[in-house]
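As you go down the protein sequences, you meet chains A and B in turn. Numbers in my numbering are just positions in the first sequence, counted from 1, shifted up by 14. Numbers in my numbering are just positions in the second sequence, counted from 1, shifted up by 14. For glycine and all other residues, C-beta sits at the position ideal for the given N, C-alpha and C.
2 protein chains.
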Amino acid sequence: MKIGTRARYTLRFMIALGRLSSKGEPVGLGEVSRSSGISRRYLDHLVVPLKSASLIRAKAGRAGGYVLARPADDIRLGDIIEAAIGPIAVTECAVDPEACIAAEFCDCRELWMLINRRITAVLNDYTLADMLSETWLARVQHELRKADHEPELARI
Amino acid sequence: MKIGTRARYTLRFMIALGRLSSKGEPVGLGEVSRSSGISRRYLDHLVVPLKSASLIRAKAGRAGGYVLARPADDIRLGDIIEAAIGPIAVTECAVDPEACIAAEFCDCRELWMLINRRITAVLNDYTLADMLSETWLARVQHELRKADHEPELARI
DNA sequence: CAAAATCCTATGAAACCACTAGGATTTATC
DNA sequence: GATAAATCCTAGTGGTTTCATAGGATTTTG
């Protein structure tokens, strides 16, 4: 039930890239490394699946680097996470009904499916642009309060 | 982002126990093993944290076994899962604000918190009694359709 | 006492994760 | 065309966690 550093760092990378490449100029991994605190060598890895998924574009050679392949508001957080670690599937059976070997014993499948949906719902509701915007924090904190059933508890 | 067999088997164990011990008689692990398809030896392990969390009670010796320590409608699914694998925390920082070392770089904490809340919300909304009831499947499938924004798609 | 159960400790195999490393290739600039 | 700066490709390692089995000690009831 953990989200590993792979997914977390990948998201942080995309946020950093979104900030640094706003002018459309390629950004080198060295610069991203400095501004995100992720080791240059590790970034090398994170970048591969993002490229395969066409979320970023690379320009090789001197003065090369990476750019977002699409506008940030067209990149859902789920796209990023799935590129990093594959499809969201808290269990096999949550995603593939056939994968449930113990169907005769086990009534848990719909529960795992429900949890899976709740996670993907969050990830699909927000885009990279949302996380880059000024109002991001306020928006999520508002959502958090709704979940809490604690309406209107100002914290600023 | 996986829910391991530990948590899944523990839940299945509790469901099986709930069914078998409805009369308040202790149920042996041998019987649970047969009816749940989980190896007797492995059940031995799953049972320990459930007992520590006072979700089940053991009666040792001949004709001993386990019983639910409370009525099933007083046992939330979250209680079971947390007993099995500890607090739900998709990331450290989602649960402990201090755990975020990279706060200066990273704006992801509220996102992980939100996902964490969505998961615990499901787990706290339902009880073991819900999963034991006849209407369980229909209820969850209804929830799933709501999430889909596919209102009223009958499937029976 | 003996059977049937819980209870305790250990261990091994496998998978997964985080990260490092070396070096090949590409390409803009001089 | 050489060079520097970047991407790109392939390995591999150390550590942790997880899944599961096993042996045997202890408890308690018939």
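Nearest in C-alpha terms to B:Arg132, of all of A:Lys160, A:Arg20 and A:Ser66, is A:Lys160.
For A:Tyr23, the uninterrupted alpha helix (DSSP H) segment begins and ends at Thr19 to Leu34.
In the DSSP assignment, A:Tyr140 falls outside any alpha helix (DSSP H) and carries neither an H nor an E.
DSSP, read as helix, strand or coil, puts B:Arg84 in coil.
B:Pro40 is a Cβ neighbour of B:Gly78, given a cutoff of 7 Å. B:Ala152 counts as exposed, since fewer than 16 other C-beta atoms from the protein chains shown sit within 10 angstroms of its C-beta. Residue-level contact by beta carbon holds for B:Val154 and chain A, with a gap shorter than 7 Å.
Of B:Cys114, B:Val62, B:Glu157 and B:Arg123, the smallest CA-CA separation from A:Trp150 is found for B:Arg123.
Going by DSSP, A:Arg54 is part of no beta strand (DSSP E) but of the alpha helix (DSSP H) stretching over Arg54 to Ser66. A direct Cα-to-Cα measurement between A:Thr141 and A:Leu60 gives close to 19 Å. Within chain B, no C-beta atom comes less than 9 Å from the C-beta of A:Cys114; the nearest is roughly 11 Å away.
A:Leu34 is positioned such that its CB atom lies no closer than 7 Å to that of A:Leu43.
Per DSSP, B:Arg159 is not a residue of any beta strand (DSSP E); the alpha helix (DSSP H) it occupies stretches across Trp150 to Asp162.
Among the residues of chain A, none has a CB under 8 Å from the CB of B:Arg71; the nearest is roughly 23 Å distant. Under a criterion of Cβ atoms nearer than 7 Å, the residues of chain A adjacent to B:Met145 are, in order, Asp121. Taking all protein chains in view, the Cβ of B:Val136 is crowded by 16 or more other Cβ atoms within 10 Å, so the residue is classified as buried. In the structure shown, B:Val46 falls within a helical segment according to DSSP collapsed to helix, strand and coil.
In the three-state reduction of the DSSP assignment, A:Gly92 falls in the helix class, which pools H, G and I. In the DSSP assignment, A:Ile70 falls within the beta strand (DSSP E) that extends over Ile70 to Lys73. Within its own chain, the residues whose Cβ lies closer than 8 Å to the Cβ of A:Ile89, once the five positions on either side in sequence are excluded, are Met28, Leu69, Leu82, Thr141, Leu142 and Ala143, listed in chain order. Rounded to whole angstroms, the separation of the alpha carbons of A:Leu91 and B:Leu125 is 10 Å. Put simply, the CB of B:Ala86 is far from chain A, with every gap to its CB atoms at 7 Å or more. By the C-beta density criterion, A:Ser66 is exposed, having fewer than 16 other C-beta atoms within 10 angstroms.
The residue from A:Asp110, A:Val62, A:Asn138 and A:Val104 with its alpha-carbon nearest to that of B:Ala21 is A:Val104. Scanning chain B for C-beta atoms nearer than 9 Å to the C-beta of A:Ala135 yields Arg132 and Ala161, reported in chain order. By the Cβ neighbour-count rule, B:Arg55 is exposed, with fewer than 16 other Cβ atoms within 10 Å of its own.
Less than 7 Å divides the Cβ of B:Ile52 from the Cβ of B:Tyr23. Chain-ordered, the chain B residues with CB closer than 7 Å to the CB of A:Met15 read Ile17, Ile99, Ile102 and Val104. Neighbours of B:Arg22 across chain A, judged by C-beta separation under 7 Å: Thr105 and Cys122.
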